[in-house]
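Peer 1:
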Amino acid sequence: MESKSIALENEHDIAVARNEVRVLAVGLGFRLVDQTRLTTVASELARNVIKYARRGRMIAQPTRNPAGRNGLRLIFEDSGPGIPDIGAAMRDGFTTGGGLGKGLPGSKRLVDEFEIESAPGHGTRVTVARWA
29 MESKSIALEN
39 EHDIAVARNE
49 VRVLAVGLGF
59 RLVDQTRLTT
69 VASELARNVI
79 KYARRGRMIA
89 QPTRNPAGRN
99 GLRLIFEDSG
109 PGIPDIGAAM
119 RDGFTTGGGL
129 GKGLPGSKRL
139 VDEFEIESAP
149 GHGTRVTVAR
159 WA
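Position 59 of the sequence shown, counted from 1, bears residue number 87 in the working numbering, the numbering being contiguous throughout.
If you want it as structure tokens, here you go:
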């Protein structure tokens, strides 16, 4: 399976990203519960890109770990305003956008690997991975 890059610019693109993640997860042999986890994460992180940066992209990379297990790595990147305090953004309930403050910390709980890189004025890159 090849990597897919999906532009994130509007609400429709969130649905496209979710669908692409589901199709890849099925093809990689993920159980239904893990397909749901991955599509939820894709939805949350794609929504963050659009809400805070206006545009960016999701890269979905089928992968395999050293033990031979299939996995899916999702990268969400934008060149938006960045996150001034990543520690605060990762706390449940913290929000700058009027939401519930569950997006980033909730997404982290649904995946096996989670990494966030961001700096004010330089955008944000969130990389997650889940193993089948």
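Just so you know, even glycine gets a beta-carbon here, dropped at the ideal spot from N, CA and C.
Near residue 80, which residues of its chain fall below 6 Å by C-beta distance, leaving aside the five closest residues on each side in sequence?
Peer 2: Locating residue 80 in the sequence shown gives position 52, counting from the first residue. Taken in chain order, the residues that qualify are 108.
Peer 1: Helix, strand or coil: how does DSSP classify residue 141 here?
Peer 2: Against the sequence shown, residue 141 aligns to sequence position 113. Residue 141 falls in the strand class under three-state DSSP.
Peer 1: Among residues of its own chain, excluding the 5 on either side of residue 145, which ones have a beta-carbon nearer than 6 Å to its beta-carbon?
Peer 2: Within the sequence shown, numbered from 1, the residue matching residue 145 stands at position 117. Non-local C-beta neighbours of residue 145 in its own chain, meaning closer than 6 Å and more than five positions away in sequence, comprise 153, ordered along the chain.
Peer 1: State the Cα-Cα distance for the pair residue 61 and residue 92, rounded to the nearest angstrom.
Peer 2: Translated into the one-based positions of the sequence shown, residue 61 becomes position 33. Translated into the one-based positions of the sequence shown, residue 92 becomes position 64. C-alpha separation (whole angstroms): 19 Å.
Peer 1: Hey, how far is the Cα of residue 129 from the Cα of residue 69?
Peer 2: By one-based count along the sequence shown, residue 129 stands at place 101. By one-based count along the sequence shown, residue 69 stands at place 41. In this predicted model, residue 129 has a pLDDT of only 42, less than 50, meaning its place in the structure is not dependable enough to derive any value.
Peer 1: Once the 5 residues before and after residue 50 are set aside, which same chain residues still bring their CB inside 8 Å of it?
Peer 2: For the purposes of this step, residue 50 is taken as the residue at position 22 of the sequence shown. Same-chain partners within the cutoff: 63, 66 and 67.
Peer 1: Near residue 159, what residues of its chain come up, given a Cβ to Cβ distance below 7 Å and the 5 sequence neighbours on each side ignored?
Peer 2: As a working mapping, residue 159 is identified with position 131 in the sequence shown. Around residue 159: 93, 97, 99 and 140.
Peer 1: Assuming residue 33 is part of the beta strand (DSSP E), what are its boundary residues?
Peer 2: Position 5 of the sequence shown, counted from the first residue, corresponds to residue 33. Per DSSP, residue 33 belongs to the beta strand (DSSP E) from 32–36.
Peer 1: Using three-state DSSP, classify residue 47 as helix, strand or coil.
Peer 2: Within the sequence shown, the letter at position 19 stands for residue 47. In the structure shown, residue 47 sits in a helix (DSSP, three-state: H, G or I).
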